[in-house]
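Protein chains: 2
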Amino acid sequence: MTATILLVDDHSVVREGYRSVLQKQPGLRVIAEASDGAEAYRLFKSVAPDLVIMDLSMPGIGGVEAVRRIRQWDKAAKILVFTMHENAGFAVQAIRAGARGYVTKTSPPETLVRAVMDVLAGKIAISPDIDHELALSRISGEDSAADVLTPREFEVLRLLLAENTTEEIAETLHVSPKTVANLHSLIKDKLGVGSDIELVRLALRQGILTEPDLGEA
Amino acid sequence: MTATILLVDDHSVVREGYRSVLQKQPGLRVIAEASDGAEAYRLFKSVAPDLVIMDLSMPGIGGVEAVRRIRQWDKAAKILVFTMHENAGFAVQAIRAGARGYVTKTSPPETLVRAVMDVLAGKIAISPDIDHELALSRISGEDSAADVLTPREFEVLRLLLAENTTEEIAETLHVSPKTVANLHSLIKDKLGVGSDIELVRLALRQGILTEPDLGEA
DNA sequence: TGCAATGTCGTGAAATTTTCCCGGTGCCGG
DNA sequence: CCGGCACCGGGAAAATTTCACGACATTGCA
Chain A
1 MTATILLVDD HSVVREGYRS VLQKQPGLRV IAEASDGAEA YRLFKSVAPD LVIMDLSMPG
61 IGGVEAVRRI RQWDKAAKIL VFTMHENAGF AVQAIRAGAR GYVTKTSPPE TLVRAVMDVL
121 AGKIAISPDI DHELALSRIS GEDSAADVLT PREFEVLRLL LAENTTEEIA ETLHVSPKTV
181 ANLHSLIKDK LGVGSDIELV RLALRQGILT EPDLGEA
Chain B
1 MTATILLVDD HSVVREGYRS VLQKQPGLRV IAEASDGAEA YRLFKSVAPD LVIMDLSMPG
61 IGGVEAVRRI RQWDKAAKIL VFTMHENAGF AVQAIRAGAR GYVTKTSPPE TLVRAVMDVL
121 AGKIAISPDI DHELALSRIS GEDSAADVLT PREFEVLRLL LAENTTEEIA ETLHVSPKTV
181 ANLHSLIKDK LGVGSDIELV RLALRQGILT EPDLGEA
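Right under this line is the structure:
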């Protein structure tokens, strides 16, 4: 009995690579491919694959959101995230969203195949490098933002990273600019950063600020 | 007569994809692969391929630097950059460093093959989406940082994005903290951003701040 | 050669922001 | 009922940002 697989990645040449590696493995068959989260969701519902291999950074709805939706549709869906991001933060997000595995693209092909088999067998598969990252982040205890911050603070952080001025945020939140400024200061304090620049870099590390490319002109 | 190719990408599964696509093309032969810039440089010197297909974001010395070094070693080297980055800024950097082509990974395989052929034929190959980006950035005239900033200002910008405090930068530059603060202010003015957060995002867009992952713990 | 333009560095003082401390509200769990 | 916590903002001190200005060296050009 062969397992059916749905490939999701916005880079066609990369999908070509997945397919080539997986084809060599008996018992696996790629039956569909998607190039963004929305398409992945649609295809999942129509082809019902045994396993989804999903990239994270994609246009439109990202990989994490796609994982969430698919799992919402089918609580038993087996999704393996396969991405370039070597940050523990991304892995945590993906797993929390419902992924059964997380493997980085720097891993050798064997690791991917192994993870595919493990997830199909019902196991959770995390590639060694991310295991290590996670262990480190436990030890060093980097404050993972989402945990140490209250919902309101987190909201302000998101807006700070996205919107522009304190005033605009105050506007959208219906509070005084003063409060936003206070929160801004408190956030930096809680996260242990001294400047806004460090703040952005922290957000980048932790995957709060996902977008690699932004609306350019 | 078949053209020899050196593949450079830190993701082995992705290289698998390149190879699979290129193999289908008569007259092309992949004779070596590298997983980072330094290895690419070494291999180029020993195998002297007709063409290099190079990723940009790699550990250690990045793709742009690798392009520069290879071109320094062999002024006639034909290098095609093949990357996920859809920013005009990256393309400009790559071309200035000596690349003969720039194709994004979102492009269909045919585009890659076409670009390979073009570069081998001595032409410059830019994928359509980047062409468009470049056109846009010309029209909107986003100030491309490196141009509008003086060398000193650019240096301070780099340090701001990397180092931490104004004091530390003043230290390394042997100037007064006051001057650094002045420059900092002037830079934001010249680039037309209001906050440090916008500044970081601009730097991200333009590839001044390349690092997706940073020293964690 | 003279001289205007530009980059670089610094000072000082005003304007603004950040930070800290405070009081007040409402909500929950013991 | 009380203590803790999230949340909202005021006030004032502290720090930073910003602006205006001067000085110096270098460059390019008439």
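As they're listed, the protein sequences go chains A and B. Following UniProt numbering from start to finish, the first sequence increments by one per residue and tops out at 217. Following UniProt numbering from start to finish, the second sequence increments by one per residue and tops out at 217. A virtual CB, placed ideally from N, CA and C, is assigned to each residue, including glycine.
Worksheet item: So what's leucine 214/B in DSSP terms, helix, strand or just coil?
Response: For leucine 214/B, the predicted structure reports a pLDDT of 41, less than 50, and the residue's modelled location is therefore unreliable. The matter cannot be settled from this model.
Discussion item. Taking CB distances under 8 Å as the criterion, tell me whether methionine 54/A reaches chain B.
Written reply: no
Discussion item. For a quick check, are the C-beta atoms of methionine 54/A and alanine 38/A less than 8 Å apart?
Written reply: no
Worksheet entry | Touching by the beta-carbon criterion (3+ pairs, under 8 Å), the region 103 to 117 of chain A and the region 68 to 78 of chain A | no
Worksheet item: Are any of the Cβ atoms in chain B nearer than 8 Å to that of glycine 17/A?
Response: yes
Worksheet item: From the DSSP output, which residues share a beta bridge with methionine 54/B?
Response: Val8/B, Val81/B
Worksheet entry | Under 8 Å between C-beta atoms of valine 113/B and glutamine 25/B | yes
Discussion item. Quick check on DSSP: helix, strand or coil for valine 103/B?
Written reply: strand
Worksheet item: CB aspartate 196/B to CB isoleucine 169/A, shorter than 8 Å?
Response: no
Discussion item. Once the 5 residues before and after glutamate 16/B are set aside, which same chain residues still bring their CB inside 6 Å of it?
Written reply: none
Worksheet item: Relative to the C-alpha of leucine 202/A, which residue among Leu186/B, Leu161/B, Val193/B is closest?
Response: Leu161/B
Discussion item. By the DSSP assignment, the beta strand (DSSP E) with isoleucine 31/A in it spans what residues?
Written reply: 28 to 34
Item to complete: Report the residue from Val13/B, Asp10/B, Ala3/B whose alpha carbon sits nearest the alpha carbon of valine 30/B.
Response: Ala3/B
Fill in: DSSP beta-bridge partners of isoleucine 126/B
Tyr102/B
Discussion item. Quick check on this structure: which residue in Ile130/A, Ser144/A, Gly101/A, His132/A has the alpha carbon closest to the alpha carbon of lysine 123/A?
Written reply: Gly101/A
Worksheet item: If the cut is a Cβ gap below 8 Å, which residues of chain A does proline 108/B touch?
Response: Ser12
Practice prompt. Report the three-state DSSP secondary structure of alanine 121/A (helix, strand or coil).
Written response: coil
Discussion item. Can you check whether the C-beta of methionine 117/B is within less than 8 Å of a C-beta belonging to chain A?
Written reply: no
Worksheet item: Just curious, the alpha helix (DSSP H) that leucine 43/B is in, first and last residue?
Response: 37 to 47
Practice prompt. Report the option in Arg152/A, Glu167/A, Leu28/A, Ile95/A whose CA atom is closest to the CA atom of isoleucine 126/A.
Written response: Ile95/A
Discussion item. Would threonine 165/B pass as an interface residue toward chain A - the criterion being a Cβ-Cβ separation below 8 Å?
Written reply: yes
Practice prompt. Using the Cα positions of serine 144/A and valine 21/A, report the straight-line distance between them to the nearest angstrom.
Written response: 35 Å
Worksheet item: Between the UniProt domain "HTH luxR-type" (142 to 207) of chain A and chain B, which residues of the former have CB atoms less than 7 Å from a CB of the latter, in chain order?
Response: Glu142, Leu160, Leu161, Asn164, Thr165, Gly194, Ser195, Asp196, Ile197, Glu198, Val200, Arg201, Arg205
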